[in-house]
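Numbering (our numbering), first residue to last: 15 to 148.
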């Protein structure tokens, strides 16, 4: 596992992970905390919106579907992040993404759209590249 090296004066990046699958949240939290990031997690749209209303994140990693029945709540999260915290980077993940949904995610302000399944290291590489650009 790659390790992030932080300058002692550099603040630790803060990430919000949004996914309704507990095992995915736990795995991503452990992985990113192991890289030195501070991590919060939400399992549903309303929980993510409450966290976003109270603090700014450097990066949000969200699943497209949070209800399991064809929802696209991840698009709403992208819009919310873009409206509240324009500097926050957003990665949207989906096993069900169509080209139209992918385009819509970029139109709403997503920085990356990744198709599941994706190795944790690949997600982390995209995340680190986005955080370096901010």
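Built from N, CA and C at the ideal position, the CB exists for glycine as well.
- DSSP assignment within the segment 40 to 108 yields the following whole beta strand (DSSP E) runs of 3 residues or more, N-terminal first: 52 to 56, 73 to 77, 103 to 108.
- The C-alpha of residue 108 is placed about 5 Å away from the C-alpha of residue 130.
- By the C-beta density criterion, residue 111 is buried, having at least 16 other C-beta atoms within 10 angstroms.
- Under the Cβ criterion (8 Å, minimum of three pairs), the segment 30 to 49 counts as touching the segment 76 to 92.
- The C-beta of residue 40 has fewer than 16 other C-beta atoms within 10 Å across all chains shown, which makes the residue exposed.
- Relative to residue 96, the option among 61, 55, 67, 128 whose CA is nearest is 67.
- Looking at the DSSP output, residue 129 bridges to 108.
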